[in-house]
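With the numbering used here applied, the sequence shown corresponds to residues 88 to 257, in that order. Backbone N, C-alpha and C define an ideal beta-carbon position, used for all residues, glycine too.
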Amino acid sequence: MAGYHLAQLNLARLRAPLESPELADFVARLPEINDLAERSPGYVWRLQDSSGDATALRPFEPDVIVNLTVWESVESLHAFTYRSGHLEPMRRRRDWFRTFGGPHQVLWWIPAGTLPTVTEAGDRLALLTRLGPSPEAFTFREPHPAPGPTINPTPDDQAVDPAVAGQPRA
88 MAGYHLAQLN LARLRAPLES PELADFVARL PEINDLAERS PGYVWRLQDS SGDATALRPF
148 EPDVIVNLTV WESVESLHAF TYRSGHLEPM RRRRDWFRTF GGPHQVLWWI PAGTLPTVTE
208 AGDRLALLTR LGPSPEAFTF REPHPAPGPT INPTPDDQAV DPAVAGQPRA
């Protein structure tokens, strides 16, 4: 997968303003979780503003925060998400966020060395919402492999199995 990296958009609808006591624990954990991500195997990049996180960026709705990251593989993002110190605060997400009325996370492949834009990420989420998982917009539950080179079949690959062709096997 050296030619491609995995882009990930995750949206969260806040239960209260970030400055509120209800979200104080979430806000206090952001530097620790962002640092953990940056030190995790396979981490490439994350969207952030001058404060070091992306909570002030609200490109979709005023109460929706954005997490846009790039990873080397589905496996590296999955390991960070579900097998690291990120898991404990993720288990508390219902304390801080309201449910979304549809998909709130999307994954897609980008050429290595490029970065996704927020607009592109929104388009990928809309595609997932409209059509379901596909190679262009997918989920952890239904991942798709990174694009690869087209492989021309060898003559042996093109041989027809007699059983498939309707002929009895010898």
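Counting Cβ pairs closer than 8 Å, one from the stretch 96–113 and one from the stretch 144–160, do we hit at least three? The stretch 96–113 is in contact with the stretch 144–160.
Ordered list of beta strand (DSSP E) runs contained in the stretch 144–186, each at least 3 residues: Taking only runs of at least 3 residues, the beta strand (DSSP E) segments lying wholly in the stretch 144–186 are 151–158.
8 Å contact criterion, which W195 and P234 should meet: CB distance rounded: With a Cβ gap of about 10 Å, W195 and P234 do not count as contacting.
Which of helix, strand or coil does DSSP assign to L202? DSSP, reduced to helix, strand and coil, places L202 outside both helices and strands of the structure shown, so it counts as coil.
How long is the line joining the alpha carbons of R228 and E159, rounded to whole angstroms? Each residue's Cα considered, the two are about 18 Å apart.
Anyone know if the C-beta pair for G172 and L134 falls short of 7 Å? It is not a contact, given that the beta carbons lie outside the stated cut-off.
When you compare the CB positions of Y130 and A199, do they come within less than 7 Å of one another, or not? In this structure, A199 does not lie closer than 7 Å to Y130 by Cβ.
The alpha helix (DSSP H) spanning L117 covers which residue range? Unbroken alpha helix (DSSP H) run through L117: A111 to R126.
Using the C-alpha atoms, what's the distance from E119 back to L174? Roughly 13 Å separates the two Cα atoms.
Residue from P108, D136, S107 and P232 with nearest C-alpha to N269: Nothing about residue 269 can be read from this structure; the chain reaches only from 88 to 257.
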